[in-house]
Amino acid sequence: MAPMMAKLLIGLSLLIATLEGLSAQMETLNPEGCGLSYSKTMIVNGTEVKETQYPWSVFLALYFRPDVYACGGTIITKRHVLTAAHCLL
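Heads up: the sequence shown is residues -24 to -1, 1 to 65, going by mature numbering (1 follows the signal peptide of the UniProt record, and there is no 0).
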């Protein structure tokens, strides 16, 4: 890749990351009802827990026939979930 093209891609990536960060900062971090869930029990690492103990945790499932790949994530804004890269690759 030409050096000029590489610089352009880096610049665009930084611009997009900055704009996404600004829009995320403008969101209310704990709007009414956010983080609340129904009171059910679940199993985490072999231990029974109430669903309300981990309100920011999510379950991600990717369906590729015949397999299902599952990962976890954490809600960080209204529009973003943080997860490991290998969960999506």
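Glycine is no exception: its CB is placed at the ideal position from the N, C-alpha and C atoms.
Treat the numbers as computed from the prediction; the structure is a model and nothing was measured.
query, result
"Would you tell me roughly how many angstroms separate the C-alpha atoms of Gly48 and Leu(-17), rounded to the nearest one?", "34 angstroms"
"Give me the Cα-Cα distance between Met(-20) and Ile(-9), rounded to the nearest whole angstrom.", "16 angstroms"
"Taking DSSP as the reference, what is the three-state secondary structure of Gly(-14)?", "helix"
"Please report the distance separating the alpha-carbon of Cys63 from that of Pro(-22).", "32 angstroms"
"May I have the straight-line CA-CA distance separating Ile52 from Trp32, to the nearest angstrom?", "8 angstroms"
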